[in-house]
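Peer 1:
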Amino acid sequence: MSFQSGLRPGDIIDNQRLVEIFRCSSQGGMRRSHQTNTLVIVSDHTRSIYEDRWVGNTFHYTGMGQRGDQSLEFMQNKTLAESNQNGVEVHLFEVFVPGKYTYMGRVELAGQPYQEIQPDADGNPRRVWVFPLRLVDTSLPVPIPEEFAILKQKQKEKQAKRMDDEILLKRINFAPRRASTRQVSTITYEQNPYVAEYARRRAKGKCQLCKQPAPFNDRDGQPFLEVHHIVWLSRGGEDTINNTVALCPNCHRKMHVLDLAADREKLQKELQLINGRNS
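If you're matching positions, the sequence shown starts at 1278 in the working numbering and goes up one per residue.
(1) Using 8 Å as the threshold, is the segment 1430–1449 in touch with the segment 1362–1370, meaning 3 or more CB pairs across them?
(2) Should G1340 go down as buried or exposed, given a rule of 16 or more other Cβ atoms within 10 Å for buried?
(3) Give the single residue among N1361, L1550, L1386, I1507 whose Cα lies nearest to the Cα of A1473.
(4) Runs of 3 residues minimum, wholly inside the segment 1330–1399: which ones carry the beta strand (DSSP E) assignment?
(5) Tell me the DSSP secondary structure of R1309 in three-state form.
(6) I'd like to know whether the C-beta atoms of D1321 and V1372 end up nearer to each other than 7 Å.
(7) Could you tell me which of I1394, L1386, A1539, R1300 sits nearest to F1408, measuring between CA atoms?
(8) In this structure, how does DSSP classify R1300 when only helix, strand and coil are distinguished?
(9) Using the Cβ count rule (16 or more neighbours within 10 Å means buried), how would you classify T1379?
(10) Return yes when the Cβ of E1423 is within less than 7 Å of the Cβ of R1463, no when it is not.
(11) Which word fits T1517, buried or exposed, when buried means at least 16 other C-beta atoms lie within 10 angstroms of its C-beta?
(12) So the candidates are K1546, S1511, E1547, N1552; which of them puts its Cα closest to the Cα of H1533?
(13) State the start and end residues of the unbroken beta strand (DSSP E) segment that holds L1410.
(14) What does DSSP give as the partner residue(s) for A1523 in the beta ladder?
(15) Mind checking which residues open and close the alpha helix (DSSP H) that includes I1427?
Quick look at the structure:
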């Protein structure tokens, strides 16, 4: 009889709740529970040194051991390697936000564990064991919110910036050559096309932030400017001409990357001046 966790793929719980459900340790990436006869594996993307990744419907999970070559006989590496025969149920969680554990579901070995080179906690190359896992109750992993995927990418970028050139090159040399893939869920805002067209015309071919002409013309020969909401729609901003400007691609990216208060104020004043001239 399988263990009933009461969780559904996509559920997000904290560490305390995870421990209460599975009766396992509160720490570590591989948590064996004899009380529930389960093995909870956690892929923490916020701080892990491991290169865990989805490739299609298979999750490639790196085993235990932060320094030196890993052993398939070591603690929960052995449990996971024998999980298709030893009766231990394996449950997978991923962490994209510190302290928030996203339940992906029950998993099983999709093939034999294999070895690859990954850097250890000190940046030195070593041989690790990677376990290819597939979900038991569904063929594809549950889509995660787009913001989680973005947070994961930003965390990896921060880690890369902290590395010196030597460590960075080691990471590159031993990184998997195939990019990881996964589905994300997004909220799409259907913007008013009339508002967007008016904003572009009102800008008269110039970016309303840097004041430079559009960098090129589109296929219809019109200056290429992108529509931007000063108060983002995702933050409750209105899809109106009083919250919409036309920006060059460079400034549009700047607004989404830096989101500087001074730039928002500048754009608000620009609209106030335009409205004053048109009143």
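C-beta atoms are modelled at their ideal positions from N, C-alpha and C, and glycine is treated no differently. As the structure is a prediction and not an experimental result, all values here were calculated from the model.
Peer 2: To lay it out plainly:
(1) no
(2) buried
(3) I1507
(4) 1330–1332, 1335–1339, 1366–1374, 1377–1386, 1391–1396
(5) strand
(6) yes
(7) L1386
(8) coil
(9) buried
(10) Note that residue 1463 is Thr in the sequence shown here, rather than Arg. Yes.
(11) exposed
(12) S1511
(13) 1402–1412
(14) V1504
(15) 1423–1438
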